[in-house]
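>
In my numbering, the protein residues as written are 1 to 256.
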């Protein structure tokens, strides 16, 4: 297990490695946590992991990007680009991982938390009043085209349009019905079920399974190509006065 104080705890279960987000209280994705995700994933692969569980919680898988931190950067566009680059690097690391990855969501997964989950092979969520989705329009942001494509890949183009335009967050039972998550289970069983799914997959002949997976998931990595994210344009949108006002209003509502 990783040393105390680590932003990502590493737990090895045979051929399966669990990477547990550990940035209290809600695993907000600042650059340090994003870099820790990328580094921990690389470390697990270097140590021979054949399957990865990306876990968070309890009650919050990840609350998404660390908005107070991003707002503290003011109009420093270079620093904003650096922060968002760290996030998309983590997403790309998951999307291009050469072994299967399961998102074990024992709680809410809005915005950036949802993006990380969409980059995984399989998504398991806690049963109950826990929500997942891309709520960018609720705070005055536009989800990049590549991120919208990830949502459409999971739920279909028409339903993705409805969810994205409204910035909707759906509870786990509805997320299961529409295909946004693959499985719902008790909150205490999420990580265990993730390991079980991986262990069953690892019983298959590895070469054919991994090559089939590589072909089937090529579009996931393609969604995150630079031209489909257009980070400079996204950051420019972040700086718009109405977006800044909406973000600050959101923080005021939740008491940050």
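Just so it is clear, CB atoms sit at the ideal spot from N, CA and C, and this is done for glycine as well.
Is the shortest distance between the beta-carbon of residue 58 and the beta-carbons of chain B less than 8 Å?
Among the chains of the structure shown, chain B does not appear; only one protein chain is present.
> Quick one: is residue 14 buried, meaning 16 or more other Cβ sit within 10 Å of its Cβ, or exposed?
By the neighbour-count rule (16 or more Cβ atoms within 10 Å), residue 14 is not buried but exposed.
> Tell me which residues share the same chain as residue 63 and place their Cβ nearer than 6 Å to its Cβ, disregarding the 5 neighbours each side in the sequence.
Closer than 6 Å at the Cβ level, and outside the excluded window around residue 63, lie 26 and 28.
> Taking the C-alpha atoms as reference points, what is the distance between residue 109 and residue 227?
Rounded to whole angstroms, residue 109 to residue 227 spans 26 Å at the Cα level.
> DSSP puts residue 10 in a beta bridge; with which residues?
Partner(s): 19.
> Buried or exposed: where does residue 163 fall if 16 or more other Cβ atoms within 10 Å of its Cβ makes it buried?
Buried.
> Which class does residue 247 belong to by DSSP, given the choice of helix, strand or coil?
Residue state, collapsed to three classes: helix.
> Excluding sequence positions up to five away, which residues of its chain have a Cβ less than 7 Å from the Cβ of residue 3?
Note that residue 3 scores a pLDDT of 47, beneath 50, so its modelled location is shaky; the value from the coordinates is reported in the next line. Same-chain partners within the cutoff: there are none.
> Nearest CA to the CA of residue 186: which residue from 197, 179 and 172?
Out of 197, 179 and 172, 172 has the C-alpha closest to the C-alpha of residue 186.
> In its own chain, which residues sit with a C-beta less than 8 Å from the C-beta of residue 88, not counting the 5 before and 5 after it?
The answer, listed in chain order, is 224, 229 and 231.
> In whole angstroms, what is the alpha-carbon distance linking residue 19 and residue 100?
The straight-line gap from Cα to Cα measures roughly 13 Å.
> Could you say if the segment 134-145 and the segment 206-222 meet the contact criterion of at least three C-beta pairs nearer than 8 Å?
The answer is no - the segment 206-222 does not touch the segment 134-145, with fewer than three Cβ pairs under 8 Å.
> May I ask you to report which of helix, strand or coil DSSP gives residue 201?
DSSP places residue 201 in helix when its eight states are reduced to three.
> If you check the beta carbons only, do residue 170 and residue 123 fall under 8 Å apart?
No, the pair does not count as a contact, with Cβ atoms beyond the cut-off.
> Give, in chain order, every unbroken run of the beta strand (DSSP E) that is at least 3 residues long and sits entirely within the segment 102-144.
The segment 102-144 contains these whole beta strand (DSSP E) runs: 107-110, 122-126 and 131-133.
> If I measure Cβ to Cβ from residue 1 and keep anything under 7 Å in the same chain, skipping five residues before and after, which residues do I get?
Low confidence applies here, because residue 1 scores a pLDDT of 46, under 50, leaving its location unreliable; read the following figure in that light. 9, 10 and 11.
> Please report the straight-line C-alpha distance between residue 190 and residue 251, rounded to a whole angstrom.
Between residue 190 and residue 251, the C-alpha separation is close to 29 Å.
> Going by C-alpha distance, which of 54, 115, 150 and 68 is nearest residue 22?
Looking at the Cα atoms, 54 is the closest of the given residues.
> Give a yes or no on contact between the segment 138-145 and the segment 231-247, applying the rule of three or more CB pairs nearer than 8 Å.
Cβ pair count under 8 Å is three or more, so yes.
> To the nearest whole angstrom, what separates the beta carbons of residue 56 and residue 106, a pair I think is in contact under 8 Å?
Rounded, the Cβ-Cβ distance is 7 Å, consistent with contact.
> Since residue 94 and residue 119 are thought to touch, with beta carbons under 8 Å apart, how far apart are those beta carbons, to the nearest angstrom?
Residue 94 to residue 119, Cβ: 4 Å. Contact.
> Whole angstroms are fine: how far does the CA of residue 77 sit from the CA of residue 238?
When rounded, the distance between both Cα atoms is 10 Å.
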